[in-house]
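Residue numbers (my numbering), protein chains in the order written: chain U, 17 to 517; chain F, 3 to 322; chain C, 710 to 885. Glycine included, each C-beta is placed from N, C-alpha and C at the ideal position. Read through the structure below, which is laid out as structure tokens, and then see the notes.
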Amino acid sequence: MSQLIASFPQIFTDPLCYVLILVGCTVGIIFGCIPGLTAGIAIALSLPLTLKLPIIPSFTLLLSLYIGGISGGLISAILIKIPGTPASVATTFEGGPMADRGEAWRALSVSIIFSFIGTLFGIAVLCFMTPILGRFALSLGMHDYFAVALFSLTLVSALCDKSLIKGLIACGIGLVLACVGSAPIDGYTRFTFGIHSLDAGFSEVPALVGLFAMTELLNGAKRSEAGKKLASFRRHGIGITGREFVSQLPNAFVSGTIGTFIGILPGIGASVCNLMAYGVSKKLSRYPEKYGTGIIDGLVASETSNNACIGGTMVPLLTLGIPGDTVTAILLGAFTINGLNPGPLFYQENIKLIYIIFAIMLVASVVTFLIQFVGIRGFTQLLRVPKYMLLPMVLVLCIVGSFGANNRIFDVWTLLFWGVLGFVLTKFDIPLTPIIMGYILGPITEKYLRRGLMMSRNNFMDFFNHRVAAIFLILTVLLVTVTFVTQVVALVKSSKKKKDA
Amino acid sequence: MKKLIALVLALMLVVSLGTCAFAETDWPNGKTVQMIIPFGAGGDTDLHCRVLTEMVAKELGVDIVCTNVTGTSGTVAARQVRESPNDGYTIMWQQTSFLIASLLGICDFDYTDFEIGCTVIEDMSAFVTTKANDPRYSNFDEFVQYAKDHPGELLWGGSIGGDGHMYALMIADKLGLEFTYVDLDGTAEIIPALLNGSVDWTTGVYGTYGEYVKTGDFESLCYMADEALDGSDTPGWKEYTGESFPLGKMFCYLFPKGTDPEIIKQFNAAVEKCVNSEEFKAHCENYFITPVYREGAEAEEYLANYYATMAQYRDDLLVK
Amino acid sequence: MKNRSFSDFVRRYKEAAFALVMLVLFSLVIYFTKDIRLLVINTTVTARFWPTVCGIAGCILSGILFVQSVIEGVTLARREESGEIEKPELGERFFEGDRFRSLATLLLTFLYIAGLKTFGFLLMTVLYLFCVFIMLAEKENRKVWKLLLIDVVFTILVYLLFRYVFKMILPLGTIW
Numbered sequence: 017m018s019q020l021i022a023s024f025p026q027i028f029t030d031p032l033c034y035v036l037i038l039v040g041c042t043v044g045i046i047f048g049c050i051p052g053l054t055a056g057i058a059i060a061l062s063l064p065l066t067l068k069l070p071i072i073p074s075f076t077l078l079l080s081l082y083i084g085g086i087s088g089g090l091i092s093a094i095l096i097k098i099p100g101t102p103a104s105v106a107t108t109f110e111g112g113p114m115a116d117r118g119e120a121w122r123a124l125s126v127s128i129i130f131s132f133i134g135t136l137f138g139i140a141v142l143c144f145m146t147p148i149l150g151r152f153a154l155s156l157g158m159h160d161y162f163a164v165a166l167f168s169l170t171l172v173s174a175l176c177d178k179s180l181i182k183g184l185i186a187c188g189i190g191l192v193l194a195c196v197g198s199a200p201i202d203g204y205t206r207f208t209f210g211i212h213s214l215d216a217g218f219s220e221v222p223a224l225v226g227l228f229a230m231t232e233l234l235n236g237a238k239r240s241e242a243g244k245k246l247a248s249f250r251r252h253g254i255g256i257t258g259r260e261f262v263s264q265l266p267n268a269f270v271s272g273t274i275g276t277f278i279g280i281l282p283g284i285g286a287s288v289c290n291l292m293a294y295g296v297s298k299k300l301s302r303y304p305e306k307y308g309t310g311i312i313d314g315l316v317a318s319e320t321s322n323n324a325c326i327g328g329t330m331v332p333l334l335t336l337g338i339p340g341d342t343v344t345a346i347l348l349g350a351f352t353i354n355g356l357n358p359g360p361l362f363y364q365e366n367i368k369l370i371y372i373i374f375a376i377m378l379v380a381s382v383v384t385f386l387i388q389f390v391g392i393r394g395f396t397q398l399l400r401v402p403k404y405m406l407l408p409m410v411l412v413l414c415i416v417g418s419f420g421a422n423n424r425i426f427d428v429w430t431l432l433f434w435g436v437l438g439f440v441l442t443k444f445d446i447p448l449t450p451i452i453m454g455y456i457l458g459p460i461t462e463k464y465l466r467r468g469l470m471m472s473r474n475n476f477m478d479f480f481n482h483r484v485a486a487i488f489l490i491l492t493v494l495l496v497t498v499t500f501v502t503q504v505v506a507l508v509k510s511s512k513k514k515k516d517a
Numbered sequence: 003m004k005k006l007i008a009l010v011l012a013l014m015l016v017v018s019l020g021t022c023a024f025a026e027t028d029w030p031n032g033k034t035v036q037m038i039i040p041f042g043a044g045g046d047t048d049l050h051c052r053v054l055t056e057m058v059a060k061e062l063g064v065d066i067v068c069t070n071v072t073g074t075s076g077t078v079a080a081r082q083v084r085e086s087p088n089d090g091y092t093i094m095w096q097q098t099s100f101l102i103a104s105l106l107g108i109c110d111f112d113y114t115d116f117e118i119g120c121t122v123i124e125d126m127s128a129f130v131t132t133k134a135n136d137p138r139y140s141n142f143d144e145f146v147q148y149a150k151d152h153p154g155e156l157l158w159g160g161s162i163g164g165d166g167h168m169y170a171l172m173i174a175d176k177l178g179l180e181f182t183y184v185d186l187d188g189t190a191e192i193i194p195a196l197l198n199g200s201v202d203w204t205t206g207v208y209g210t211y212g213e214y215v216k217t218g219d220f221e222s223l224c225y226m227a228d229e230a231l232d233g234s235d236t237p238g239w240k241e242y243t244g245e246s247f248p249l250g251k252m253f254c255y256l257f258p259k260g261t262d263p264e265i266i267k268q269f270n271a272a273v274e275k276c277v278n279s280e281e282f283k284a285h286c287e288n289y290f291i292t293p294v295y296r297e298g299a300e301a302e303e304y305l306a307n308y309y310a311t312m313a314q315y316r317d318d319l320l321v322k
Numbered sequence: 710m711k712n713r714s715f716s717d718f719v720r721r722y723k724e725a726a727f728a729l730v731m732l733v734l735f736s737l738v739i740y741f742t743k744d745i746r747l748l749v750i751n752t753t754v755t756a757r758f759w760p761t762v763c764g765i766a767g768c769i770l771s772g773i774l775f776v777q778s779v780i781e782g783v784t785l786a787r788r789e790e791s792g793e794i795e796k797p798e799l800g801e802r803f804f805e806g807d808r809f810r811s812l813a814t815l816l817l818t819f820l821y822i823a824g825l826k827t828f829g830f831l832l833m834t835v836l837y838l839f840c841v842f843i844m845l846a847e848k849e850n851r852k853v854w855k856l857l858l859i860d861v862v863f864t865i866l867v868y869l870l871f872r873y874v875f876k877m878i879l880p881l882g883t884i885w
């Protein structure tokens, strides 16, 4: 702790760092809230600059962008029901209905507070438990990743409101679409039918953005909707009472833990953990039927977990020098370019630098929080723009983002394709979120299943020899059974009612 | 109101024309050159390219923007560059994985479908990496003996179809051994798998895995370079077998087919100067790689040999 | 009256038709797994395994949905014909309705993306936004000059922000 405090002066003596934190958080929030642009893109774009900076300013910029970028997604998720990044998909479930009711101010405020708490949670875990968690991360392998991915996939049932069957079909569509492109491990393409633009599959962000933004635009074309301003809103001040805040703490704790845990696993990340935390929060809740109608529990789960994930992803990077995602890969690059080779001793040998990193994260999260909180008034002004102008403008931004990430016009076609798909499916009351869930989780599940089997020489029972894998597989079986039984009971009840009637 | 609109329209015209008003006469002519990096930001492919390309940009006095186009062993980027205009404003950085991908038929074209700029880096820093203090073997002799006595038992972990896989196949072939191959993606998966014993060995590069050898977590059994990189008495490949290891990882610049040779020449001249600079040498030392500049016929021959050497192992790449 | 009974049929059985289409699509997924080239062949769980599993699961689910929605459709038809519940009003005519506007928006977006590469970001965006604004705005909001101004200013701001502040490459177009 004293080391952490001692490292603050290191950032504050350098006026450059002030500027970088402010710029980093602001740009991060902008990239986060524009659908199609993500924290990862912001960081990749900053590379030419950061590779030239000395290590502390370079990390200041990178981490501010990262924290701002993950937080920023909540703004568009709430105000226009389009998640700004894959990390804030679950925020739309409650944020959207709340904004419709005129509670946008409250939703924003709650989300901003809890995304701040989530970041702090992650940093706290990072500060005090990194060595232990590092060892834990080492004990995990392909088998465990598979089990976690499979478990998350079964949580899809928590995201289907009206009809479980339709939700599962949606998930199946996502799973199949994720198979398009080069197969994991083999590398040969599948289901591309000779279209080479599909060789790498559909890019995740354009697909997500198309599904939500394009569908919203096409539905917004309704005469009854188009002229409407999105929703009027009431000002709420801080938006949450002390009692509400306290009652949300257990939920925040569970979600934060999920976020940090998922963050530690390389390759899964924030795009999964917000959905997972939302699902778990709903399953554990005493009033699951209220989820989706606009209650703050869902917001808390989603925003706490995706921000807590940041702390988690830093664990394997700092203890072992291994990156879990694009962002940490770039951070690792920033280490090595400065002549620091992260490895098993990195943590002990560079403890001073590591505490400076923690301090940077802490300051960046406070700055992000302040910028967003002060900005609420400005953000809500968006609601004054009529839909017929706002939605096309957002779509233009989405297209710029989708194109800019990879410089491929095909990614823009991806956006359109997924938009049309979403539009058609909503006509048949098919929910869209399970598609995204299947799309994100499918490839992970398949990859780790196959890798795990390769390691176990094709013996599936070996999955149960791994502790974490066994726990999650049993949880999966339990969840599936419970869901199945409740469905059957409901079916029997409803048919009885019909007969009685 | 109308005046305002006219003003805005004029402004728009100026902005859009300003960026492309110059006629195409002489390359690079102040225009932005796009450098396509076929792998993700932050990895070694990305870093080497960014460092070298920035020096080249300074040398040429142009703005070169590095863009990552990722997917499928670099073939997505390769296809994009292949279809790009050959005006010299799109250049690609490539490496071994793309050659292996075309060898496997993952894409239906190979490096000869591009104009070869120059090859610039060789990475011979791979070594046979195992967990330290394995009771089954403590040096390369014992490792080879164990593998001979237990064919197929030792698990190699790494990216199937990657350069490390190629080295492992070459080791197995040259020494008459048989291993089982497990797909793992990058250090994030390989390091924990080695440490917790899920796989037995990998072909790690010294820049990353060397740190673990220093701490005594991993052991280096044999270096693919001619002699040990860390000055220890661990054998190098040449010391062990009497001949140099067939190949290491290679990095090169490729242009779309039909790019003006003059442009390539101009670019190459700048690259040559940068590759041989002290600044780049220092970078290379940091990563245990060697700057080797080849252009023209020499580069073509080098790549042809390189490709042919790997082609011998095409059937072995199939995981049976 | 023929029209009426057709639209009733569509309304009652469109979900069943959807399920049927999904069933066919998922079956096609299973069928096309045969074309997948394999590199790893020492296991039953190859690159064909996962798509097959997804395909089979999808087929089963769409099958259930099909049966469900046919039963629902038949029940609905019986209850409506017997007068137990009232038939809903016929929808609006196609060319005046929301569906037309959705499709037109889609078409415009398609043209916008298709033109990006040739005509460049600035021109296409100005045109696209203007068309969509005009089409979606209600009559009393159709103030051409105001919309055009917002459109142009927005486009230029976005262009300047991305091109010069964030240094991203935008499609500039070959025509300019």
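Cβ-based burial, Gln397(U) [other Cβ within 10 Å; buried from 16]: exposed
Neighbour list for Lys322(F) in chain C, Cβ cutoff strictly below 8 angstroms: Ile750 and Asn751
Chain-ordered chain U contacts of Pro880(C) [CB-CB under 8 angstroms]: Phe419 and Ile425
Cβ-based neighbour list, Thr492(U), same chain, cut-off 6 angstroms, excluding 5 preceding and 5 following: Leu166, Phe167 and Thr170
Beta-carbon neighbours of Trp854(C), restricted to chain U and to distances below 9 angstroms: In chain order: nothing, as chain U lies at least about 14 angstroms away.
Contacts around Phe290(F), its chain only, beta-carbon distance under 8 angstroms, and the 5 residues preceding and following it disregarded: Asp125, Ser127, Val207, Tyr208, Gly209, Gly212 and Leu231
Own chain, CB closer than 7 angstroms to Lys150(F), minus 5 neighbours either side, in chain order: Leu179
Separation of Lys216(F) from Ala134(F), as counted between CA atoms: 11 angstroms
Cross-chain neighbours of Asp215(U) in chain F, by beta carbon under 8 angstroms: Gly73, Thr74, Thr77, Val78, Arg81 and Cys109
Proximity of Cys51(F) and Ile66(F) at Cβ, strictly below 7 angstroms: no
First and last residue of the uninterrupted alpha helix (DSSP H) at Gly190(U): Leu180 to Cys195
Rounded distance between the beta-carbons of Gly138(U) and Gly275(U), thought under 8 angstroms: 7 angstroms
Phe830(C) versus Val221(U) - alpha carbon distance: 20 angstroms
Contacting positions in the region 730-761 of chain C - beta carbon closer than 9 angstroms to chain U: Met731, Leu734, Phe735, Val738, Phe741, Thr742, Asp744, Ile745, Arg746, Leu747, Leu748, Val749, Asn751, Thr752, Thr753, Val754, Thr755, Ala756, Arg757, Phe758, Trp759 and Pro760
DSSP beta-bridge partners of Glu124(F): Met252(F) and Thr292(F)
Short Cβ contact (7 angstroms threshold) for Gly9(U) with Gly111(U): Residue 9(U) is absent from the structure shown; chain U starts at 17 and stops at 517.
Minimum Cβ-Cβ distance from Val783(C) to chain U less than 7 angstroms: no
Proximal residues to Gly255(U) (C-beta, below 7 angstroms), its chain only, five neighbours per side dropped: Trp121, Arg122, Ser125 and Val126
Those residues which DSSP pairs with Trp95(F) across a bridge: Tyr255(F)
Buried or exposed (CB count within 10 angstroms, at least 16 for buried), Asp228(F): exposed
Backbone CA spacing between Ala486(U) and Phe479(U) [nearest angstrom]: 7 angstroms
Extent of the continuous alpha helix (DSSP H) run through Gly150(U): Ala120 to Ser155
When Ala813(C), Val733(C), Asp807(C) and Leu838(C) are compared against Ser771(C), the one with the closest alpha-carbon: Val733(C)
Residues that Glu221(F) bridges to, as DSSP identifies them: Thr132(F)
Cβ-based burial, Ile794(C) [other Cβ within 10 Å; buried from 16]: exposed
Three-state class that DSSP yields for Val853(C) in the structure shown: helix
Per-residue contacts from Arg52(F) into chain U (C-beta, under 9 angstroms): Leu63, Pro64, Leu67, Gly349 and Ile353
Residue environment, Gln36(F), which counts as buried when at least 16 other CB atoms sit within 10 Å: buried
Identity of the residues DSSP links to Ser198(U) by a beta bridge: Thr205(U)
Three-state secondary structure (DSSP) of Val484(U): helix
Below-7 angstroms beta-carbon distance, Ser155(U) vs any chain F residue: yes
Alpha-carbon spacing of Ala223(U) relative to Asn307(F), whole angstroms: 42 angstroms
Closest residue to Gly824(C) among Val428(U), Thr497(U), Met470(U) and Leu441(U) (Cα-Cα distance): Val428(U)
Residues within the region 821-850 of chain C neighbouring chain U, beta-carbon criterion of under 7 angstroms: Ile822, Leu825, Lys826, Thr834, Leu838, Val841, Phe842, Leu845, Ala846, Glu847 and Asn850
Residue of Gln97(F), Ala299(F), Asp185(F) and Glu287(F) minimising C-alpha distance to Lys267(F): Ala299(F)
CB contact below 7 angstroms: Ile773(C) versus chain U: yes
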